[in-house]
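Undergrad: Just so you know, we're using the working numbering here: the sequence shown kicks off at 4 and counts up by one.
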Amino acid sequence: MKISYNWLKEYIKTDLAASKVAEILTSIGLEVEALEKFEVIKGGLEGLVVGKVVECQKHPDADKLSLTKVDIGNSTLLNIVCGAKNVAEHQKVVVATIGTTLYKGDNKFEIKKAKIRGIESYGMICAEDEIGLSNLHEGIIVLKDDAIPGTPMREYFNINDDYIFEIGLTPNRIDAASHYGVARDLAAYLQHRNPVVLEKPSVENFVKDNTDYKIDVNVQNKEACIRYSGITISNVSIKESPIWLQDRLRSIGLRPINNVVDITNFVLFETGQPLHAFNADYITGKKVIVKNVNEGTKFITLDGIERTLSSNDLMICNEQEPMCIAGIFGGINSGVTENTKNIFIESANFNPVFIRKTARRHGLSTDSSFRFERGADPNITVYALKRAALLIKEITGGKISSEIIDVYPKPVSDYTVELNFANVDQLIGQHIPKDTIKEIIRSLEIKIIAVKEKSLLLEIPTYKVDVQREVDVIEEILRIYGYNNIEVSERVSSNISYIQKPDKEKINNAISNYLASNGFYEMITNSLTKVTYYNNNDLWKESNLVKILNPLSSDLGVMRQTLLYSGLESVTNNLNRKQTNLKMFEFGNCYMINNSENKQNRQENYLEDLHLSLFVTGNKNSDSWTQKSSSVSYYYIKSYVENVLKRLGIPTHNLIFYNPNETIFSEGQSYYYKEKELVSFGLLNKNILNNFEIKQPVYFAEFFWNNVLSKLSKQNIKFSELSNFPVVRRDLAMLLDKQIPYSKVVEIANKCEKKFLQNINLFDVYEGDKIPENKKSYAVSFHLQDTSKTLNEFQIEQIMKKLTDAFENELGAQIRK
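(1) Going straight from the alpha carbon of Asp-734 to that of Leu-531, what length do you get?
(2) Taking buried to mean at least 16 other C-beta atoms within 10 Å of its own C-beta, is Lys-602 buried or exposed?
(3) Just the Cα atoms here: how many angstroms apart are Ile-241 and Ile-443?
(4) Return the Cβ separation of Ile-480 and Asn-426 in integer angstroms, given the expectation that the two are a contact with Cβ distance under 8 Å.
(5) Can you find the residues in the same chain that come closer than 6 Å, C-beta to C-beta, to Ala-809, ignoring five residues on each side of it along the sequence?
(6) Evaluate Glu-527 with the Cβ neighbour count: other Cβ atoms within 10 Å of its Cβ, from every protein chain shown; 16 or more gives buried, anything less gives exposed.
(7) Report the residue from Cys-129, Val-145 and Glu-273 whose alpha carbon sits nearest the alpha carbon of Asn-9.
(8) If you compare alpha carbons, which of Asp-612, Leu-566 and Gln-582 is closest to Ile-596?
(9) Take the Cβ of Asp-188 as the centre, count every other Cβ of all protein chains shown within 10 Å, and call the residue buried at 16 or more, exposed below.
(10) Just curious, the beta strand (DSSP E) that Phe-272 is in, first and last residue?
(11) Is the beta carbon of Ser-746 sitting closer than 8 Å to the one on Phe-660?
(12) Where Tyr-675 and Pro-663 are concerned, what is the direct C-alpha to C-alpha distance, given to the nearest angstrom?
(13) Along the chain, where does the alpha helix (DSSP H) that runs through Asp-734 open and close?
(14) Which stretch, first to last residue, makes up the beta strand (DSSP E) that contains Gln-60?
(15) Pairing CB atoms from the region 41-51 with CB atoms from the region 175-185, are three or more of them under 8 Å?
(16) Could you say which of Asn-262, Tyr-418 and Pro-554 lies nearest to His-365 if we only look at CA atoms?
(17) Could you spell out the range, first to last residue, of the alpha helix (DSSP H) harbouring Cys-755?
(18) Just to confirm the assignment, what range does the alpha helix (DSSP H) spanning Ala-519 have?
(19) Can you give the beta carbon distance from Val-52 to Val-98, rounded, assuming they're within the 8 Å contact cut?
(20) Under 8 Å by Cβ, that's how I've got Ser-372 and Ala-362 pegged, so tell me the actual separation to the nearest angstrom.
(21) Per DSSP, which residues does Asn-622 bridge with? Please list them.
(22) Could you spell out where the alpha helix (DSSP H) holding Asn-221 opens and where it closes?
(23) What number of angstroms, rounded off, separates the C-alpha of Met-587 from the C-alpha of Asn-577?
(24) For Glu-376, tell me which candidate among Ile-383, Arg-359, Tyr-524 and Pro-198 has the shortest Cα-Cα distance.
(25) How should Thr-343 be labelled, buried or exposed, when 16 other C-beta atoms within 10 angstroms of its C-beta is the threshold for buried?
(26) According to DSSP, is Leu-559 helix, strand or coil?
(27) Is it the case that the region 203-223 contacts the region 401-418, given that we only count it when at least three CB pairs across the two stretches are under 8 Å?
(28) Looking only at DSSP bridge pairs, what is Gln-817 linked to?
(29) Beta-carbon within less than 6 Å of Lys-221's beta-carbon, same chain only, minus the 5 sequence neighbours each way: which residues are those?
(30) To the nearest angstrom, how far is the alpha carbon of Val-96 from that of Val-239?
(31) How would you call Ala-453, buried or exposed, if buried means at least 16 neighbouring beta carbons within 10 angstroms?
(32) Quick check: what's the CA-CA separation for Ile-449 versus Ile-101?
(33) Can you name the start and end residues of the alpha helix (DSSP H) that Lys-118 belongs to?
(34) Out of Arg-120, Leu-252, Ser-726 and Asn-646, state which residue places its alpha-carbon closest to the alpha-carbon of Asp-789.
(35) Go through its chain and collect everything with a Cβ distance to Leu-686's Cβ below 7 Å, but skip five positions before and after it.
Next up, the structure:
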């Protein structure tokens, strides 16, 4: 939010430098993120002075030019050739001396000595548009007779450069979303130290001129429209705003439009109350109706876009059609144009929930919706309306032609809070005198209703929407008292904490470093995603989704249950940019509702789980003189999956292997430890890839990281000497039913021989016409070792017999000789 330093000083008189004001604002919770200088007039009128035309004659060789001699306050008169029709002797004028740079829009030019039709000219007598005062070019500027030659124009016009504060406004501080709101906070801080006067623009002169143009208001949806105020002004003259008003708006980055619209914007940024101006002649039936319209109603907004309205959208309508999306955006037909003669000014207050939902539904964010979404003050509408009406009357020459219409069915009262002195000291951690507390509270415009021995009864104004509890009042006191004024004890007390091993962050960083060093790029994707990804999904059910109450858009309506879909969006984005060889990973949280019905809406039903995803696609390497490129494969991603587990000290031979979900993977495996799934990986199903228009194979792995860490926490590292005795390898070929996974072979082998079996390796799989139908052949190597002596042939044969018996009995295997 941009706040003008010069504009701020209209409400609080202070000699503090802009940099000091920035420090104070930051210290009281209005963080100034940037402070920039703003030139009210580009170039600052440097080199321009008051001149007096001493002589004025016609140019001998040009009918439209005049020869002048101009006094600029020194001993030498300047010869200046001027083309303006209105130049005359004895005038006081604006002179640009040689070397002055003049700006016109984005263009600039330097004044130089020039010969014009044979006569030398030593400067330029300027018009308004040539020095940036306005767009008018109706002749040179003629100053008042009391102007003194040689006076710098910067001094004559009292031009002061402005400074703009860029304030990072937090959502709870909507009371400071205006210049007066910021001035109010600044005054509270200064009053606690040196008395200052906060000057609120007066509206005491407000009075209606007549009642010739009455417009009725009918609020049908009183839940959505808390208050609706309005007034009619007739016979307005729509034209450019005066320079002071244009400068105010430009300083905060707004483009001036016309005097009426500019005034509504000025009052918005002055008071924080959004206003809207309607062409009163467009209000058919002379009636404004605040209501919801039928589902599917078409409406064209000011930006020329036709929007389809929802029955939940609150609209400002005339008797025939909608004119404005309430509190957000006006319609293209009902706005103020140069032909408008009569206007109706709206100053309303709308329910934040309704405004937020409608703004998100249509993808709109305006200065009005920004304030209404956060809770504008309902008790300022009439003041802002009077302020705008007086300015419009003054600047456009219009007449106030109706009473103020004010529909306020359920007035919002100030909040009542009891403040306990002991609680102030306890929460702040330091004793603050009672008189100081009272002084700060009064400076914050909080009324003290009753003073008790141990507490104060307070009345909080409605513009402080975030101050409704005792702790909120204490926070306000601390803001103004000053965080830097809280003393730090010389005694430091601390508790020695013990970090439970293993350190989760260190482990995550170690795995990230491993993957990055092996060519993976880390990605961070949005945890909000599309609900359509989970439609008819057997693995991640739609009923388990955590839905967002006020989604930013329909594509960001739910929280992800898996890293798969957001990762594939990133893969698609890279493939579309011709990056076809990809290795990417992500650590990210996934969310679900454990109880799909969630009738009690209990917090424990919501689950948050950390996942790690891997994506590989394309080629493992590029063509080179040493090797040809080769595509990634199932075993390529499998090697990374197992290496991640091994780096964490989790041997895969202790895990249980299952086939993964077929709707996700066309081939792959899932590793389990007891009942907990550690990881699933493999080649993604083409149906999934087609949804993302991905034509090349993509291999994906998803670790359930909390399950991995729970296994890791039980691993104790044991060191042992390398055995001096040899490892013996024996191979077995066995015929098994096709549906029996290799993991069963590993499981039975480890259960059968725990002492001497060191490792198992599958080195061949055969399925074909040389073996019976629905059978497959595994060739497995078993590595045996006794760490205390060399195994003899008899022991080896006994171990292998025990293994073959187990395979035959438990798996129905046929051992191939």
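All residues carry an ideal CB built from backbone N, CA and C; glycine is no exception.
TA: Reading it off the structure:
(1) Translated into the one-based positions of the sequence shown, residue 734 becomes position 731. Translated into the one-based positions of the sequence shown, residue 531 becomes position 528. When rounded, the distance between both Cα atoms is 51 Å.
(2) Taking the sequence shown and counting its residues from 1, the one referred to as residue 602 is at position 599. A caution first: Lys-602 carries a pLDDT of 49, below 50, which makes its placement in the model unreliable, though a value can still be read off. Result: exposed.
(3) In the sequence shown, residue 241 corresponds to position 238, counting from 1. In the sequence shown, residue 443 corresponds to position 440, counting from 1. Whole-angstrom Cα-Cα distance: 45 Å.
(4) The residue you call residue 480 lines up with position 477 of the sequence shown. The residue you call residue 426 lines up with position 423 of the sequence shown. Ile-480 to Asn-426, Cβ: 11 Å. No contact.
(5) Locating residue 809 in the sequence shown gives position 806, where the first residue counts as 1. Result list for Ala-809: Ile-751 and Cys-755, in chain order.
(6) Counted from its first residue, the sequence shown places residue 527 at position 524. This sequence places Ile at residue 527; Glu is not what is there. By the 10 Å Cβ count, Ile-527 comes out exposed.
(7) As a first step, residue 9 is located in the sequence shown; it is residue number 6 there, counting from the start. Closest by alpha carbon: Glu-273.
(8) By 1-based counting over the sequence shown, the position of residue 596 is 593. The option with the nearest alpha carbon to Ile-596 is Asp-612.
(9) Sequence index remark: in the sequence shown, residue 188 carries index 185 (1-based). Label assigned to Asp-188: buried.
(10) Here residue 272 is taken as the residue at index 269 of the sequence shown, counted from 1. Per DSSP, Phe-272 belongs to no beta strand (DSSP E); it is in the alpha helix (DSSP H), 262-274.
(11) As a working note, residue 746 is residue 743 in the sequence shown. As a working note, residue 660 is residue 657 in the sequence shown. Yes, they are a contact pair.
(12) Start at 1 with the first residue of the sequence shown, and residue 675 comes out as number 672. Start at 1 with the first residue of the sequence shown, and residue 663 comes out as number 660. C-alpha separation (whole angstroms): 11 Å.
(13) Stepping through the sequence shown from its first residue, residue 734 is reached at position 731. Asp-734 -> not in any alpha helix (DSSP H); beta strand (DSSP E) instead, spanning 731-740.
(14) One-based indexing of the sequence shown puts residue 60 at position 57. Counting along the chain, the beta strand (DSSP E) containing Gln-60 begins and ends at 51-62.
(15) no
(16) In the sequence shown, residue 365 corresponds to position 362, counting from 1. His-365 has its Cα closest to that of Pro-554, out of Asn-262, Tyr-418 and Pro-554.
(17) For the purposes of this step, residue 755 is taken as the residue at position 752 of the sequence shown. Unbroken alpha helix (DSSP H) run through Cys-755: 745-755.
(18) Numbered from 1 along the sequence shown, position 516 holds the residue referred to as residue 519. Here the alpha helix (DSSP H) through Ala-519 covers 507-520.
(19) As a first step, residue 52 is located in the sequence shown; it is residue number 49 there, counting from the start. As a first step, residue 98 is located in the sequence shown; it is residue number 95 there, counting from the start. The pair is a contact, with the Cβ atoms about 5 Å apart (cut-off 8 Å).
(20) Translated into the one-based positions of the sequence shown, residue 372 becomes position 369. Translated into the one-based positions of the sequence shown, residue 362 becomes position 359. Indeed, because the Cβ distance is near 5 Å, the residues count as touching under 8 Å.
(21) Residue mapping note: residue 622 aligns to position 619 of the sequence shown, counting from 1. Paired residue(s): Ser-634.
(22) In the sequence shown, counting from the first residue as 1, residue 221 sits at position 218. Asn-221 -> not in any alpha helix (DSSP H); beta strand (DSSP E) instead, spanning 219-222.
(23) Indexing the sequence shown from 1 puts residue 587 at position 584. Indexing the sequence shown from 1 puts residue 577 at position 574. Using only the alpha carbons, I get a separation of about 11 Å.
(24) In the sequence shown, counting from the first residue as 1, residue 376 sits at position 373. Among Ile-383, Arg-359, Tyr-524 and Pro-198, the Cα nearest to that of Glu-376 is on Arg-359.
(25) Here residue 343 is taken as the residue at index 340 of the sequence shown, counted from 1. Classification of Thr-343: buried, given that the 10 Å Cβ count is 16 or more.
(26) Residue 559 sits at position 556 when you count from the first residue of the sequence shown. Note: Leu-559 maps to helix in three-state DSSP.
(27) yes
(28) Working through the sequence shown from its first residue, we reach residue 817 at position 814. DSSP output for Gln-817 lists Leu-738 as bridge partner(s).
(29) Working through the sequence shown from its first residue, we reach residue 221 at position 218. For the sequence presented, residue 221 should be read as Asn rather than Lys. For Asn-221, where only same-chain residues beyond five positions count, the Cβ hits under 6 Å are Ile-292.
(30) One-based indexing of the sequence shown puts residue 96 at position 93. One-based indexing of the sequence shown puts residue 239 at position 236. Val-96 and Val-239: Cα-Cα distance of roughly 33 Å.
(31) Here the question's residue 453 lines up with position 450 in the sequence shown. Exposed, because fewer than 16 other Cβ atoms sit within 10 Å of the Cβ of Ala-453.
(32) Walking along the sequence shown from the start, residue 449 turns up at place 446. Walking along the sequence shown from the start, residue 101 turns up at place 98. Cα to Cα, the separation comes out at about 58 Å.
(33) Here residue 118 is taken as the residue at index 115 of the sequence shown, counted from 1. Taken as a continuous stretch (DSSP letters only), Lys-118 belongs to no alpha helix (DSSP H), being part of the beta strand (DSSP E) at 117-119.
(34) Your numbering for residue 789 matches position 786 in the sequence shown. Of Arg-120, Leu-252, Ser-726 and Asn-646, the residue nearest in Cα terms is Ser-726.
(35) Along the sequence shown, one-based indexing puts residue 686 at 683. Hits under 7 Å: Tyr-637, Phe-668, Ser-669, Glu-670, Gly-671, Pro-700 and Tyr-702.
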